[in-house]
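> Residue numbers for the sequence shown, in full-length UniProt numbering: 1 to 178. All C-beta atoms, glycine included, are put in the ideal place defined by N, C-alpha and C. All of these numbers come straight from a predicted model, not from anything done at the bench. Would you mind keeping the following structure in view while I ask a few things?
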Amino acid sequence: MFPLWGLGGLLVSCNNDDNNSQNPIDLLPPMTTTGENTIGCLVNGEPFTDSGLMNNFYQFVNGEYFLAINMQRGFSNDFEDASISIRRIEVHEGETYILNNNSIQNDFTGGSAGYVFSNSIESGEFETNQNYFGSITFTRFDTQNQIMSGTFEFQAEEITTGEIINITNGRFDLTFTN
Numbered sequence: 001m002f003p004l005w006g007l008g009g010l011l012v013s014c015n016n017d018d019n020n021s022q023n024p025i026d027l028l029p030p031m032t033t034t035g036e037n038t039i040g041c042l043v044n045g046e047p048f049t050d051s052g053l054m055n056n057f058y059q060f061v062n063g064e065y066f067l068a069i070n071m072q073r074g075f076s077n078d079f080e081d082a083s084i085s086i087r088r089i090e091v092h093e094g095e096t097y098i099l100n101n102n103s104i105q106n107d108f109t110g111g112s113a114g115y116v117f118s119n120s121i122e123s124g125e126f127e128t129n130q131n132y133f134g135s136i137t138f139t140r141f142d143t144q145n146q147i148m149s150g151t152f153e154f155q156a157e158e159i160t161t162g163e164i165i166n167i168t169n170g171r172f173d174l175t176f177t178n
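Written out as structure tokens, the structure reads:
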């Protein structure tokens, strides 16, 4: 027969950490609109956040607008990269833009999105198109302070295999250059 103090010690040492899985959305940066230079999304349900190597811009060149949002994690042969671009369309705060173009079609008017990954086992290049597409919404688009914030999501097709990837719960709060 166990003494009661032994049973109490046994109960205290038990925990349920194994059942304490964190919601992947909670691992994304918070939604802010102050130019915090954060961006993240879920890639097929797995969190993806930028490693700090952003190159975002909104430019008016030769009478046309060009916007690019880029995020990257990793380097060299082990990386993930996602990008969103809007070409030949002026961007406005509060507006939603469809992401359904890609570089393969050589249609550079409108929105497009892509995701590329590479590791020691496999690699893939996914692009939006007329069948697999998404959207981006700008909750803040401030050209004076060069801050853009909002949400995005898209599906994209692998250019060789036809595999589909789902990018969901995307959020960004970025500074950009002109």
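Report all residues from its chain with a CB closer than 6 Å to the CB of aspartate 81; omit the five preceding and five following residues, and keep chain order.
Excluding five sequence positions before and after aspartate 81, the CB atoms of its chain that fall closer than 6 Å to its own CB belong to Gln72, Val116, given in chain order.
> Helix, strand or coil for leucine 99, going by three-state DSSP, please let me know.
In this structure, leucine 99 counts as strand in the three-state DSSP scheme.
> Where does the unbroken beta strand (DSSP E) through glutamine 146 begin, and where does it stop?
Where glutamine 146 is concerned, there is no enclosing beta strand (DSSP E), given that its DSSP letter is neither H nor E.
> Helix, strand or coil for leucine 27, going by three-state DSSP, please let me know.
In the structure shown, leucine 27 adopts helical secondary structure according to DSSP, grouped into three states.
> Measure the Cβ-Cβ separation of leucine 99 and phenylalanine 57 and say whether it is below 7 Å.
no
> Write down the C-beta distance between isoleucine 69 and isoleucine 89 rounded to the nearest angstrom, noting that I regard them as a contact closer than 8 Å.
At roughly 14 Å, the Cβ-Cβ gap does not stay under 8 Å, so isoleucine 69 and isoleucine 89 are not in contact.
> Quick test of your reading: phenylalanine 172 and isoleucine 86, contact by CB under 8 Å. State the CB separation rounded to the nearest angstrom.
Between isoleucine 86 and phenylalanine 172 the Cβ distance is about 13 Å, and since that is not below 8 Å, they are no contact.
> For the region 154-168 and the region 123-132, state whether three or more C-beta atom pairs, one from each stretch, are separated by less than 8 Å.
Yes: at least three Cβ pairs fall under 8 Å.
> Does the distance from the CB of phenylalanine 60 to the CB of valine 91 come in under 7 Å?
no
> Between the C-alpha atoms of threonine 34 and threonine 96, what's the straight-line distance to the nearest angstrom?
20 Å
> Name the DSSP bridge partner or partners of asparagine 77?
For asparagine 77, which the question treats as bridged, DSSP gives no partner whatsoever.
> Roughly how far, in whole angstroms, is the beta-carbon of threonine 151 from the beta-carbon of threonine 161, given that I think they are within contact range, below 8 Å?
In fact, because the Cβ distance is near 28 Å, the residues do not count as touching under 8 Å.
> On a Cα-Cα basis, can you pick out the residue from Asn119, Thr139, Gly114 that is closest to glutamate 127?
Gly114
> I think proline 147 touches threonine 177, with their Cβ atoms under 8 Å apart; what is that distance to the nearest whole Å?
According to the sequence shown, residue 147 is isoleucine rather than proline. With a Cβ gap of about 12 Å, isoleucine 147 and threonine 177 do not count as contacting.
> With DSSP as the reference, label tyrosine 132 as helix, strand or coil.
Coil at tyrosine 132, not helix or strand.
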